[in-house]
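Numbering (the numbering used here), first residue to last: 429 to 670.
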Amino acid sequence: MAIQLLTIVFATSLLSGVLGMGGGMILMGALSLYLPAKTAIVVHGVIQLHSNGFRALLNKKHINWSVLPYYFIGNLLGFSVLQVLIFPPSKRVMFLLLGLLPFFSFLLRSQLKFNIINKWSSLACGFIISLLKIIAGTSGPILDLFFLGSPLKRHEVIATKAITQTSSHLIKIIFYINIFFENKESNYPSGVFLGTAILLSLLGAGSGKYILDNIKESQFRNYSQVILFTIGAVYLLKGVTL
429 MAIQLLTIVF ATSLLSGVLG MGGGMILMGA LSLYLPAKTA IVVHGVIQLH SNGFRALLNK
489 KHINWSVLPY YFIGNLLGFS VLQVLIFPPS KRVMFLLLGL LPFFSFLLRS QLKFNIINKW
549 SSLACGFIIS LLKIIAGTSG PILDLFFLGS PLKRHEVIAT KAITQTSSHL IKIIFYINIF
609 FENKESNYPS GVFLGTAILL SLLGAGSGKY ILDNIKESQF RNYSQVILFT IGAVYLLKGV
669 TL
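Dropping the structure here:
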């Protein structure tokens, strides 16, 4: 189990390093196969916190800082709302939510135009992403909705998304950490596993940066759509058959 998960950690970090999306959804699904839902969410948050933080560092000169203040406010508002609505997600609910996200994102994009550069869109984005991170564990396609509706180029998308994701994963960990440690059946992975996973996520992020620098803008956007729809279909099937 550990070897398979560690391989997935590296591969998903590499994928996110290239496209800024998809990796978190795959990793969340993989962890959910082996761990209880709440445990999977916390472990996912710890790994992704480091992966996204390092990806932001690698692309720091491309970060659009104007997006962040309103996004962070939205994060905190979402966190506050769920403080009084907390509930543990089941695996079925988690897989169905993960599977629906890409298609929901596509439907919204065809009807509405979101632009992360706009302060009110950024605020709404932070709020929605905070809710999805806590409920489903990840939120990539919806975050993508706000970023691909903006004029940002691929390096700016990767860098700025990495910062926003780092914030959201931190909030997710804080939200679940108390009930996580209260649950003695949490099956929390060993420190060796977590340490190795974090190192592999950093290596994957670094490798992804090299590929990102050598692909075209059109490839970046086209590959993103194909991968997200494929992942969504697999997760919907898994949620229905559980």
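Cβ coordinates follow ideal geometry from the N, Cα and C atoms, glycine included. Just so we're clear, the structure is a prediction, and the values are computed from it rather than from any experiment.
(message) When you compare the region 490 to 498 with the region 637 to 652, are there three or more beta-carbon pairs, one atom per stretch, that lie closer than 8 Å?
(response) Verdict: no, contact absent.
(request) Reducing DSSP to helix, strand and coil, say where ASP572 ends up. (result) helix
(request) Pair every Cβ in the region 564 to 579 with every Cβ in the region 522 to 529, then say whether three or more of these pairs are closer than 8 Å. (result) yes
(request) To the nearest angstrom, report how far apart GLY445 and ALA439 are at their CA atoms. (result) 10 Å
(request) Specify, as a first and last residue, the run of the alpha helix (DSSP H) that TRP548 falls within. (result) 547 to 564
(message) For HIS478, report the span of its alpha helix (DSSP H) as first-last.
(response) 465 to 486
(request) With DSSP as the reference, label MET449 as helix, strand or coil. (result) coil
(message) Suppose you measure from the CA of GLY502 to the CA of LYS600; what does that come to, to the nearest Å?
(response) Approximately 14 Å between the Cα atoms of the pair.
(message) If I follow the unbroken alpha helix (DSSP H) through PHE507, where does it start and stop?
(response) Segment 496 to 511, the alpha helix (DSSP H) holding PHE507.
(request) Identify, in the order they occur along the chain, each residue of the same chain with its Cβ nearer than 6 Å to the Cβ of ARG520, setting aside the five sequence neighbours on each side. (result) GLY667, LEU670
(message) Taking the straight line between their C-alpha atoms, what separation do you get for ASP641 and SER441?
(response) Near 16 Å, if we compare the C-alpha coordinates of SER441 and ASP641.
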